[in-house]
Amino acid sequence: MDQKRIGRRIKAFRKLKGYTQVEFAKELEIPLSVLGRMERGSKPVSEDLLDKIIAALDISKEELILYDKNDGESD
């Protein structure tokens with residue numbers, strides 16, 4: 001699981017659902033700094049927290065992690 005890519009997708013879905021970082025951190029009951037590091041990909045997301053994020057955003061795990069067929073390919 002590419003942490004930077006997951007972080008970008010968390011941020012994109014968060015914005016799509018209308019959450020600010022502050023609101024979303026409160027919803028998840030985590031410090032704002034932790035959310036910021038996750039969205040930048042510098043902090044791995046635990047499975048428990050991933051489940052909370054998915055529930056809060058009302059999306060599936062597959063939507064969040066969406067595998068890109070070009071991942072890992074080098075041209």
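Per my numbering, residue 1 is the first one in the sequence shown, and the count goes up by one each step.
We put the beta carbon where it would ideally sit given N, CA and C, even for glycine.
The alpha helix (DSSP H) that contains residue i, what's its start and end?
i   : result
V45 : Neither: V45 is in no alpha helix (DSSP H) and is coded neither H nor E.
K17 : Careful: K17 lies outside any alpha helix (DSSP H) and carries neither H nor E.
E23 : Q21 to L28
L64 : K61 to I65
Please identify the residue among the options whose C-alpha is closest to the C-alpha of residue i.
i   : options               : result
A55 : R8, D2 and F13        : F13
E29 : I65, L49, R40 and Y19 : L49
Whole-angstrom Cβ separation of residue i and residue j, contact assumed at under 8 Å?
i  : j   : result
G7 : R40 : 6 Å
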